[in-house]
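Q:
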Amino acid sequence: MGTDRTSDGFSTRAIHAGQDADPATGATVVPIYATSTFTQESPGQHKGYEYSRSGNPTRAALETALAALEGGERALAFASGLAATTAVLSTLKPGDEVAAAADLYGGTFRLLERVFKPWGLVPRYTEETGVEGFAAIVTPATRLVWIETPTNPLLQILDIAAIARLAHDRGAVLAVDNTFASPYLQTPIALGADLVVHSTTKYLGGHSDVIGGAVIGRRDLLDPIAFYQNAAGGVPGPFDSWLVLRGIKTLAVRMERHCANARALAQWLVEQPQVERVYYPGLPDHPNHEVARRQMRDFGGMISVRLKGGAAAAQRMLTRTRLFSLAESLGGVESLIGHPATMTHASIPAAIRAARGVDDGLVRLSVGIEDVEDLREDLDQAIS
Ligand code: P1T
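Residue numbers for the sequence shown follow the numbering used here, so the first one is 590 and each next one is one higher.
(1) Any heavy atom of the ligand P1T closer than 7 angstroms to the beta-carbon of I937?
(2) From I726 to D611, what does the alpha carbon distance come to, in whole angstroms?
(3) Compute the beta-carbon to beta-carbon distance between Q775 and M885, rounded to the nearest angstrom, for a pair I have assumed lies under 8 angstroms.
(4) Could you confirm whether any beta carbon from chain C is found closer than 8 angstroms to the beta carbon of R882?
(5) Counting pairs of beta carbons, one from the region 657-665 and one from the region 681-698, are three or more of them closer than 8 angstroms?
(6) In this structure, how does DSSP classify A815 when only helix, strand and coil are distinguished?
(7) So is the beta-carbon of D766 under 7 angstroms away from any non-hydrogen atom of the ligand P1T?
(8) Tell me the rounded alpha-carbon separation between T738 and S631.
(9) Among A650, D949, S936, T674, which has the Cα closest to the Cα of R594?
(10) Assign K636 to buried or exposed, taking buried as 16 or more other Cβ atoms, counted over all protein chains shown, within 10 Å of its Cβ.
(11) Kindly confirm or deny that the region 696-711 and the region 665-683 touch, where touching means at least three C-beta pairs closer than 8 angstroms.
(12) Got a sec? Which residues, its chain only, sit under 6 angstroms from G899 by beta carbon, not counting five neighbours each side?
(13) Write down the C-beta distance between L956 and L964 rounded to the nearest angstrom, noting that I regard them as a contact closer than 8 angstroms.
(14) Examine the ligand P1T and report whether any of its heavy atoms sits within less than 7 angstroms of the Cβ of N741.
(15) If you count every other CB in all the chains shown that lies within 10 Å of the CB of E865, and 16 or more means buried, which is it?
(16) Give me the DSSP bridge partner(s) of Y640.
(17) Less than 7 angstroms between the CB of Y694 and some heavy atom of the ligand P1T, yes or no?
(18) Which one or two residues does DSSP pair with L954 in a beta bridge?
(19) Using CA coordinates, which residue listed in T675, F723, G719, E716 is at the minimum distance from V704?
(20) Tell me which residues share the same chain as W831 and place their Cβ nearer than 6 angstroms to its Cβ, disregarding the 5 neighbours each side in the sequence.
(21) Might you give, ordered along the chain, the residues of its own chain that have their beta carbon closer than 7 angstroms to the beta carbon of L912, omitting 5 neighbours on each side?
(22) Could you tell me the distance, in whole angstroms, from the CA atom of D597 to the CA atom of I604?
(23) Could you give the residue range of the alpha helix (DSSP H) that holds Y869?
(24) I'd like the list of long-range same chain contacts for M691, defined as Cβ closer than 8 angstroms, with 5 residues on each side in sequence excluded.
(25) Distance check for A664 and G801, CA to CA, integer angstroms please.
(26) If you count every other CB in all the chains shown that lies within 10 Å of the CB of Q818, and 16 or more means buried, which is it?
(27) In whole angstroms, what separates the C-alpha of E845 from that of I736?
(28) Taking its Cβ as the centre, do 16 or more other Cβ atoms sit within 10 Å of Y812, making it buried, or is it exposed?
(29) In chain order, which alpha helix (DSSP H) runs of at least 4 residues are fully inside the region 658-719?
(30) Need the endpoints of the beta strand (DSSP E) that I736 sits in, please.
(31) Whose C-alpha, out of V734, L907, E917, is nearest the C-alpha of L747?
(32) Please report the distance separating the alpha-carbon of G696 from that of H934.
(33) Between which two residues does the beta strand (DSSP E) carrying A606 extend?
(34) Cα-Cα, which of A916, V922, G921 is closest to T931?
(35) Can you name, in chain order, every residue of its own chain whose Cβ lies under 8 angstroms from the Cβ of Q863, other than the five neighbours on each side?
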């Protein structure tokens, strides 16, 4: 558990929040408590832990660190980002409505449409990135507004403060999936959001070696989610918790390099004759560049790109990179290239995807922290 160090700067919190020396042994780094259970002195008399589904010291350290980084009162860690999303949606009742931005990770859309809709939840989507789009789909039955920003995969930027005001005026809760930004670039709770959700698989873990998720927010909203976490049981094991905790320590320095590399590549891509459109919130002509400037510290490591040759050109680029690995996921130190239509967003029906601009011509880049000249050369030879 350890102290939360709320008054310290971001990097100090990343390295120290929840990460005091181990009380049992003095270990400087939080140990991997690989134990399913904890010996009690007498029934009900123990040192705060009984059984690792209900609580584990390594996971508790991660949860304290995550709460400190997002500025939330409490955090809960899950076995995946989708397990975290499931936990939030499970606090709703059949008949409740969710108002969501249309540009979403494909797995989140699949969860809403194919798991929670049959169960009775009513999801509604807006294609508009402005607050008016949400105003049009929020009804008296709306309990939850759900957004990603930047969005996956079109890198749209949504105004968290404005959408939080609308949600609260209409009696709903705003949850922000902060996976693409990470808490280093953006803290939605400070902007008015009620809940933050993460796939810790991405920038928080940072090394493409673990699957995890988290929910962060106020204690009153987290209490029913904590009940669900223990009752339903989708928790991360101690080793996975430790990997995320280890990744978090270097989040600030990694994000700075991700952002610098992505900015340089986005500016270079715009100049290339083969390129039709570059989606990057740091470009001055991005439709929501000003909102991004206001609510983010920098513009992130994700770029989407559309080539002039359409699907065929996209296919060539996807199979020709040597440094960028053709793979799902994002946010690791190594650069990845992906095809949302057939990979991360394949679970969205083709007609809906195409109408939203996620078609066969779209390529997504997760820019890693390698030398930017090498990354530029790789993209250059792949599109030439
Ligand atoms: O994969 P998992 O840890 O369960 O996280 C799901 C998830 C949630 N939210 C966002 C914004 C995401 O991007 C993801 C997972 N996304 C990918 C695997 C991807 O390549 O886009």
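The beta-carbon is built from N, C-alpha and C at its ideal position, and this holds for glycine as well.
A: Reading it off the structure:
(1) Taking 7 angstroms as the cut-off, one finds no heavy atom of the ligand P1T near enough to the beta carbon of I937.
(2) 49 angstroms
(3) 5 angstroms
(4) In the structure shown, chain C does not exist; there is a single protein chain.
(5) The region 657-665 vs the region 681-698: no contact.
(6) helix
(7) yes
(8) 49 angstroms
(9) When A650, D949, S936, T674 are compared, the shortest CA-CA separation from R594 is found for A650.
(10) exposed
(11) Proximity of the region 696-711 to the region 665-683 meets the contact definition, three or more beta-carbon pairs being nearer than 8 angstroms.
(12) G950
(13) Contrary to the premise, residue 956 reads as Val rather than Leu in this sequence. Their Cβ separation, rounded to whole angstroms, is 7 angstroms, which keeps V956 and L964 in contact under 8 angstroms.
(14) Yes, the beta carbon of N741 sits closer than 7 angstroms to at least one heavy atom of the ligand P1T.
(15) exposed
(16) T626
(17) yes
(18) I892, I926
(19) T675
(20) I621, T647
(21) For L912, where only same-chain residues beyond five positions count, the Cβ hits under 7 angstroms are S924, E959, D963, L964, D967.
(22) 11 angstroms
(23) Per DSSP, Y869 belongs to no alpha helix (DSSP H) and is neither H nor E.
(24) According to the sequence as given, residue 691 is Ala; it is not Met. So the qualifying residues of the chain are Y714, T715, E716, R945.
(25) 13 angstroms
(26) By the 10 Å Cβ count, Q818 comes out buried.
(27) 24 angstroms
(28) Note on residue identity: the sequence assigns Asp, not Tyr, to residue 812. The residue is exposed, with fewer than 16 neighbouring Cβ atoms inside 10 Å.
(29) 670-678, 695-699
(30) Residue range 731-737 is occupied by the beta strand (DSSP E) that includes I736.
(31) V734
(32) 7 angstroms
(33) Going by DSSP, A606 is part of no beta strand (DSSP E) at all; its letter is neither H nor E.
(34) A916
(35) L896, K897, G898, A902, I972, S973
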